[in-house]
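Visitor:
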Amino acid sequence: METFEKEKWMQLPRDVLIDHGVLEEINRVCKHLGVGKEAIIVTGVHHTRKIAGEKVLEILREAGYEVN
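Counting along the sequence shown from 1, when you hit position 12 you're at 12 in the numbering used here, and nothing is skipped either side.
(1) Please classify ILE40: does DSSP put it in a helix, a strand, or coil?
(2) Using a 10 Å radius around the Cβ and a threshold of 16 neighbouring Cβ atoms, would you call VAL56 buried or exposed?
(3) Out of HIS46, LYS6, LEU23, LEU60, which has the shortest C-alpha to C-alpha gap to GLY36?
(4) What is the DSSP secondary structure of LEU33, counted as helix, strand or coil?
(5) Quick one: what does DSSP say LEU17 is sitting in, helix, strand or coil?
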């Protein structure tokens, strides 16, 4: 299986960031988008929340965001 080595950021109707370890970039993405210091994370109830939502919550809180 071929793997990609470089980060990709595309702007379609939405911004899409693709990379290994991309969750670690959430603070940079929020700054790029001009998000204030309050955020709401919307995920699925079970799998998505456990796989990504809890990590994003932790990263944003450590970066000083008030997250609900």
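Note that the Cβ used here is the ideal one computed from N, Cα and C, for glycine as well.
Computed from a predicted structure; not experimentally measured.
Guide: Per the coordinate set shown:
(1) Here ILE40 sits in coil by DSSP.
(2) Looking at its Cβ environment, which holds 16 or more other Cβ atoms inside 10 Å, VAL56 is buried.
(3) The closest CA to that of GLY36, considering only HIS46, LYS6, LEU23, LEU60, is found on LEU60.
(4) Here LEU33 sits in helix by DSSP.
(5) In the structure shown, LEU17 sits in a strand (DSSP, three-state: E or B).
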